[in-house]
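In what follows, a structure is listed as structure tokens, so that the remarks can point back to it.
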Amino acid sequence: MLFALDKINNDTKLLPGIKLGSIILDTCSSDSYALNQSLEFIRASINTVESSAFKCEDGSNPTPRYEMKTITGVVGGSYSEVSLQVANLLRLFRIPQVSYASTGTSLSDKTRYDFFARTVPPDTFQALALVDLVQNFNWSYVSFVSSEGQYGDSGMTAFLREARARNICVAINEKVPHSANETVFDQILKSLMKKPNAKVVVLFVRMEDARGLLLAAQRANQPNFFTWIASDGWGKEEKLVLGVEEVAQGALTVELQSSKIEEFDKYMKSLTPFNNKRNPWFKEYWEDTFECKLPSEDEEDASFNVERYENVTMCSPNIRIDESVYNQESKVQFVIDAVYAFAHALHNAWKDKCFEVSEICKELKEMDGGDFYKYYLLNVSFT
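Take the sequence shown: its position 202, counting from 1, is numbered 216 in the numbering used here, and each next residue is one higher.
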């Protein structure tokens with residue numbers, strides 16, 4: 015997202031004289047936490063007094079932690095159940111929302127989600143693709159596993175409906191609950207194995223749930239018992255199969271069609287924890303990727319005291335992101351598209367309302383979010 019904003023702000027033809035900024039919040043893949051986060055920034059945007067929005071550096075007069083700008087819209091969330099909760103809140107304040115990964119079919123209901131848009135198709139299409147795969151290989155007896163929540167539920171409904179229409183029988187239909195542990199995955203695997211003639215298992219699950227099932231199959235020492243057919247929750251995620259390659263061998267997965275953004279790869283490879291401090295999660299990403307520890311913020315420079323971190327491998331200042339540790343995530347294009355959709359919609363509204371004056375005029379600031387969504391965001395096009 016920051017990559018897209020940088021490109022837009024450096025484009026002299028797109029919103030000239032106007033800079034876009036962002037407040038990026040971590041939903042922690044939780045619908046309730048995302049709702050709370052959304053409430054916080056909406057409360058701040060309407061100037062409601064909230065102590066957490068201020069700081070007291072000298073112990074006396076409170077000052078805002080950040081200057082709240084005009085909210086054009088919200089990009090996100092990723093999981094459908096997160097977007098559902100956030101969309102229900104944002105519509106009350108007429109704030110447009112564009113998701114880059116939420117494929118739940120319920121979000122297509124414009125009577126309920128009338129400020130929501132997305133840069134990905136609904137689950138109906140990939141459910142049809144999964145049925146096509148099953149039919150193409152003449153499999154007529156399969157098992158089905160879905161994740162609890164909007165993503166899995168909508169995928170399950172679409173798949174079962176189409177499978178029934180094509181005379182494909184579903185031996186067993188299992189659901190992975192939220193925060194499932196090893197015991198739950200082991201139980202689901204045992205249930206699947208009770209239908210030994212259903213060698214094909216269709217997965218419409220989140221990435222972590224797909225890995226949980228593969229690990230369960232590995233624990234059960236059943237590397238070649240099933241053929242896995244999976245949705246984009248698995249997709250092209252290589253890290254999902256690390257350590258369980260034998261169990262995953264022969265799996266077929268579908269992925270939303272997207273293009274690789276070469277410029278983004280160059281951008282990622284140029285980043286380090288020292289030149290990318292604006293991203294509060296990058297330090298954690300760096301430490302996880304290279305399995306090392308960065309110096310704490312109070313260290314003056316890279317010549318830190320290694321003795322302070324006994325039994326911990328410190329990150330070398332010379333390591334860099336390359337192909338050995340980085341592979342572009344398949345949804346990068348959809349995130350960039352979502353940001354650009356807002357930028358181009360805002361550009362068109364700016365031309366109409368401000369007559370191309372190089373600033374955000376009063377008419378644009380006071381523009382109704384519903385009008386912006388309906389007449390500009392939904393009608394935007396760019397290449």
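Think of the CB as a built atom: it goes at the ideal place given N, C-alpha and C, for glycine as much as any other residue.
{"Check": "What's the gap between the Cα of Gly226 and the Cα of Glu162?", "Outcome": "14 Å"}
{"Check": "Got a sec? Which residues, its chain only, sit under 8 Å from Cys368 by beta carbon, not counting five neighbours each side?", "Outcome": "Ile374, Cys375, Glu377, Leu378"}
{"Check": "At a cut-off of 7 Å, would you count Ala244 as near the ligand MN, judging by its Cβ distance to the nearest heavy atom?", "Outcome": "Among the components modelled here there is no ligand, and therefore nothing to report on the ligand MN."}
{"Check": "Please determine if the segment 231-244 and the segment 256-275 are in contact, where contact requires at least 3 C-beta pairs separated by less than 8 Å.", "Outcome": "yes"}
{"Check": "Kindly indicate which residue of Pro237, Ala115, Tyr127, Glu260 has the alpha-carbon position closest to the one of Gly247.", "Outcome": "Ala115"}
{"Check": "When the Cα atoms are used, what is the spatial distance from Phe55 to Phe396?", "Outcome": "29 Å"}
{"Check": "Looking at the secondary structure, which residues open and close the beta strand (DSSP E) in which Arg132 lies?", "Outcome": "130-132"}
{"Check": "Can you tell me the Cα-Cα spacing of Lys388 and Cys329, whole angstroms?", "Outcome": "49 Å"}
{"Check": "Can you say whether Leu29 is buried or exposed, counting buried as having 16 or more other CB atoms within 10 angstroms of its CB?", "Outcome": "buried"}
{"Check": "With burial defined as no fewer than 16 other Cβ atoms inside 10 Å of the residue's Cβ, what is the status of Phe158: buried or exposed?", "Outcome": "buried"}
{"Check": "Could you pull the start and end residues of the alpha helix (DSSP H) that Ser161 belongs to?", "Outcome": "Note, Ser161: premise wrong, no alpha helix (DSSP H); beta strand (DSSP E) at 155-161."}
{"Check": "Rounded to whole angstroms, how far is the Cβ of Val148 from the Cβ of Val216, which I believe are closer than 8 Å?", "Outcome": "7 Å"}
{"Check": "Within the same chain, show all residues whose beta-carbon is closer than 8 Å to that of Phe129, passing over the 5 residues directly before and after it, in chain order.", "Outcome": "Ala101, Leu104, Arg105, Arg108, Ile109, Pro110, Gln111, Gly383, Gly384, Tyr387"}
{"Check": "Inspect the beta-carbon positions of Pro287 and Phe296 and report whether they are closer than 8 Å.", "Outcome": "yes"}
{"Check": "What are the boundary residues of the alpha helix (DSSP H) that Trp300 is part of?", "Outcome": "296-304"}
{"Check": "How many Å lie between Val85 and Leu228 at the Cα?", "Outcome": "The displayed chain sequence assigns Ile, not Val, to residue 85. Going by the C-alpha atoms only, they are around 42 Å apart."}
{"Check": "Classify Met282 as helix, strand or coil using the three-state DSSP reduction.", "Outcome": "helix"}
{"Check": "Ignore the nearest five residues each way along the sequence and tell me which others in Arg180's own chain have a CB closer than 8 Å to its CB.", "Outcome": "Val145, Gln149"}
{"Check": "Cα separation between Lys250 and Leu270?", "Outcome": "10 Å"}
{"Check": "What is the C-beta distance between Ile275 and Ile333, in whole angstroms, given that I count them as a contact (C-beta under 8 Å)?", "Outcome": "No, Ile275 and Ile333 are not in contact; Cβ-Cβ is about 23 Å, not under 8 Å."}
{"Check": "So what does DSSP say about Leu378, is it helix, strand or coil?", "Outcome": "helix"}
{"Check": "From Val156 to Arg126, what does the alpha carbon distance come to, in whole angstroms?", "Outcome": "34 Å"}
{"Check": "With Leu19 and Leu34 assumed to form a contact (beta carbons below 8 Å), what rounded beta-carbon distance in angstroms separates them?", "Outcome": "5 Å"}
{"Check": "Work out the CA separation of Ser97 and Ser113 for me, nearest whole Å.", "Outcome": "7 Å"}
{"Check": "Please confirm if the segment 202-213 is in contact with the segment 129-143, defined as three or more CB-CB distances below 8 Å between the two stretches.", "Outcome": "no"}
{"Check": "Answer with buried or exposed for Glu305, where buried requires no fewer than 16 other C-beta atoms within 10 angstroms of its C-beta.", "Outcome": "exposed"}
{"Check": "Return the CA-CA distance between Tyr340 and Glu380, expressed in angstroms with no decimal places.", "Outcome": "43 Å"}
{"Check": "What first and last residue would you give for the beta strand (DSSP E) that runs through Glu222?", "Outcome": "Per DSSP, Glu222 belongs to no beta strand (DSSP E); it is in the alpha helix (DSSP H), 221-233."}
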